[in-house]
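> I have a structure I would like to understand better, so I am pasting it below and will then ask my questions one at a time.
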Amino acid sequence: MKITDIEVQPFKYVSNVVRDTEGHGHPGPEHDVTGTLITIVTDEGAKGYGFGINPDVVENVIKPAVAGEDPFYRERIWQRLKEWQRLHLGVLSDRIVGVIDLALWDLAGRYLGQPVYRLLGGYRDTIPAYASTMCGDELPGGLDTPESYANYAEECVKKGYKAFKLHTWMPPIRWAPDPKMDVAACRAVRERVGPDVDLMVDCFHYYSREQALYLGRELEKLGFRWIEEPMDEHSISSYVWLSGQLDIAVVGPETSEGKMHTRAEWIVRNASDISRGGVFDVGGITPLMKIVHLCESFGVACEIHSPGAGNLHVLAAMGIPGEYYERGLLHPFIDYDKPAPYLKEIIDPLDGDGNVHVPQKPGLGIEIDFDYIRANAV
Ligand code: MG
């Protein structure tokens with residue numbers, strides 16, 4: 034089997050998530066967004082799908098790297114894309130490499146009639162989820178006060194969630210960041226949901242060492258499960274300094290570049306207690322499974338970053354914790370259970386016990402609405 038083409042179909046859809054000047058998503062007015070459907074096409078008719086690469090990048094970088102390859106040679110394709118990143122880093126991010134890698138796994142699963150996690154080697158098909166909020170905002174009754182976070186946490190627990198993660202206030206909100214306000218929100222949530230719900234926080238990512246230590250110590254008093262990315266992850270020394278002093282689990286790295294290499298360095302330096310990565314942070318399922326096995330070798334847990342089909346299949350193929358699936362980002366004003374207009378259903382419905390179930394359809398299990406995409410083609 035050979036890859037003969039990678040098709041890109043841009044299409045319009047309506048979204049009610051707007052981006053602030055720093056890139057954080059918040060609820061907002063409906064507006065048009067352009068998406069792209071990526072289709073890997075082969076000479077035997079097998080196809081794999083993904084979203085979100087612009088046509089120029091596919092034409093000028095991806096196609097020259099992968100055309101003519103056997104789509105089952107995922108490791109060779111991934112290694113080549115990784116090497117091509119050195120001189121094409123301006124356009125060939127880990128996210129884009131991840132889209133191609135996921136589409137190849139999707140193709141393999143569809144061709145063989147198996148869900149991806151079974152190809153990886155299944156371990157479980159049900160994963161507990163935590164409710165992961167959007168960043169704080171100034172929308173009345175949204176995520177604007179500690180009280181609002183507490184209200185929303187209570188609502189999530191009623192839906193079945195056993196765990197809740199706050200993303201607190203960050204710039205461009207004029208008074209943010211503020212570690213004391215982070216603690217106030219965390220305290221309000223803990224007091225509202227009681228001691229039996231796992232709570233985590235993902236705060237401003239550029240606190241100083243002393244601010245991060247203050248926050249961590251306050252969260253220990255509140256019985257939080259973990260703290261995530263309170264400082265710039267490029268400073269491994271800062272995380273060694275912080276983790277050495279805190280009892281609460283420090284989770285990371287999440288956004289730091291370098292795939293499995295970076296995770297290995299963090300582990301040997303004891304920079305965090307629990308490692309982290311998601312398919313679009315590290316370049317796909319192929320490298321994320323390497324990270325999972327790296328963590329297993331060192332006896333370190335690995336919490337998977339972000340929702341989505343790729344991460345769900347990895348979680349279902351992990352024999353070590355990853356305890357939770359990150360479901361979100363959630364907000365009181367957003368209906369997360371309503372599928373995007375170009376999908377027939379969401380990938381991760383929540384059951385009444387706060388679990389998600391890995392899709393059993395062939396491939397990644399994403400139900401694409403091809404008619405919608407055709408009708409809204411740009
Ligand atoms: Mg995070």
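Residue numbers (my numbering): 34 to 411. C-beta: ideal position from N, C-alpha, C; glycine also. All of these numbers come straight from a predicted model, not from anything done at the bench.
Rank Y247, E251 and L70 by C-alpha distance to the C-alpha of I39 and give the top, closest one.
Ranking Y247, E251 and L70 by Cα distance to I39 puts L70 first.
> Take M264 as the anchor and find which of R258, L255, G249 and E188 has the nearest alpha-carbon.
Selected option, being the one with the closest Cα: G249.
> How far does the beta strand (DSSP E) with G61 in it extend, from its first residue to its last?
Residues G58 to T75.
> Nearest to H200 by CA position, among W274, M233, R309 and Q278, is which residue?
It is M233.
> In the segment 286-336, which residue ranges form an unbroken alpha helix (DSSP H) of at least 4 residues, counting only runs that do not cross its ends?
With a minimum length of 4 residues, the continuous alpha helix (DSSP H) runs that stay inside the segment 286-336 are 292-301, 312-315 and 318-331.
> Have a look at V94, R143 and E102 and flag the residue whose alpha-carbon is nearest the alpha-carbon of L120.
Ranking V94, R143 and E102 by Cα distance to L120 puts V94 first.
> Where does R207 fall in DSSP's three states?
Reduced to three states, the DSSP call for R207 is coil.
> How many Å lie between E187 and G361 at the Cα?
Rounded to the nearest angstrom, the two C-alpha atoms are 16 Å apart.
> Look at the Cβ atom of K198, then the Cβ atom of A164, and state whether they are nearer than 9 Å.
Yes; because the gap between Cβ atoms is below 9 Å, this pair is in contact.
> Restricting to runs no shorter than 3 residues, where is the beta strand (DSSP E) found entirely within the segment 96-170?
Complete beta strand (DSSP E) runs here, min 3: 159-166.
> How long is the line joining the alpha carbons of G311 and H267, rounded to whole angstroms?
So the alpha carbons of these two residues sit roughly 17 Å apart.
> Compare the Cα-Cα distances from L363 to each of V50, D89, I129 and F313 and report the closest residue.
Answer by Cα proximity: V50.
> For D370, verify whether its CB is less than 8 Å away from any heavy atom of ligand 1.
D370: no, Cβ never under 8 Å from ligand 1.
> Determine the contact status of I260 and A282, defining contact as a CB-CB distance below 9 Å.
Contact flag set, yes.
> Would the beta-carbon of D231 be found less than 8 Å away from any heavy atom of ligand 1?
No.
> Closest to H390 by C-alpha separation, out of E116, P148 and K371, would be which residue?
Selected option, being the one with the closest Cα: P148.
> If you follow the beta strand (DSSP E) that S339 is part of, which residue opens it and which one closes it?
S339 -> no beta strand (DSSP E), and no H or E assigned at all.
> Since D404 is in the beta strand (DSSP E), which residue starts that stretch and which ends it?
From DSSP, D404 is part of no beta strand (DSSP E) but of the alpha helix (DSSP H) over F403 to A408.
> Taking only three categories from DSSP, how would you classify A196?
Three-state result, A196: strand.
> Smallest Cα separation from I206: which of R151, T54 and G341?
When each option's Cα is compared against that of I206, the closest is T54.
> Only counting runs of 3 or more residues, tell me where the beta strand (DSSP E) segments fall wholly within the segment 339-378, in order along the chain.
You should have 358-363.
> Which one of Y239, H238 and R223 has the shortest CA to CA distance from L255?
The candidate whose alpha carbon is nearest that of L255 is R223.
> Ligand 1 heavy atoms versus the CB of H338: any closer than 8 Å?
Yes, since a heavy atom of ligand 1 falls inside the 8 Å radius drawn around the Cβ of H338.
> Suppose you measure from the CA of V132 to the CA of R109; what does that come to, to the nearest Å?
Whole-angstrom Cα-Cα distance: 16 Å.
> Please name the residue or residues paired with W259 in a DSSP beta bridge.
Beta-bridge pairing links W259 to M233 and A282.
> What are the residues that DSSP puts in a beta bridge with N388?
In DSSP, N388 forms a bridge with P161.
> Exposed or buried, what is L252 when buried is set at 16 or more other beta-carbons lying within 10 Å of its beta-carbon?
It is buried - the Cβ of L252 has at least 16 other Cβ atoms within 10 Å.
> When you get a sec, list the residues whose CB is within less than 5 Å of any heavy atom of ligand 1, chain order please.
Answer in sequence order: D235, E261 and E287.
> Can you give me the C-alpha to C-alpha distance between V124 and V90, rounded to a whole angstrom?
Each residue's Cα considered, the two are about 7 Å apart.
> Does L140 pass the burial test, meaning 16 or more other C-beta atoms within 10 Å, or should it be called exposed?
Classification for L140: buried.
> Count Cβ pairs between the segment 326-337 and the segment 373-385 that sit closer than 8 Å; are there 3 or more?
Counting Cβ pairs under 8 Å, fewer than three are found: no touch.
> Beta-carbon within less than 6 Å of Y375's beta-carbon, same chain only, minus the 5 sequence neighbours each way: which residues are those?
Taken in chain order, the residues that qualify are Y46, D402, Y405 and I406.
> On the DSSP bridge list, what partners appear for Y46?
DSSP, once it has assigned bridges, lists V66 as partnering Y46.
> By the DSSP assignment, the beta strand (DSSP E) with G83 in it spans what residues?
K80 to F84 is the span of the beta strand (DSSP E), which, as asked, contains G83.
> Looking only at its own chain, which residues have a Cβ that is under 6 Å from the Cβ of V333, when we skip the five neighbours before and after it?
Correct list, in chain order: I300 and S308.
> Which residue marks the beginning of the alpha helix (DSSP H) containing P212, and which one marks its end?
Element bounds for P212: P212 to V226.
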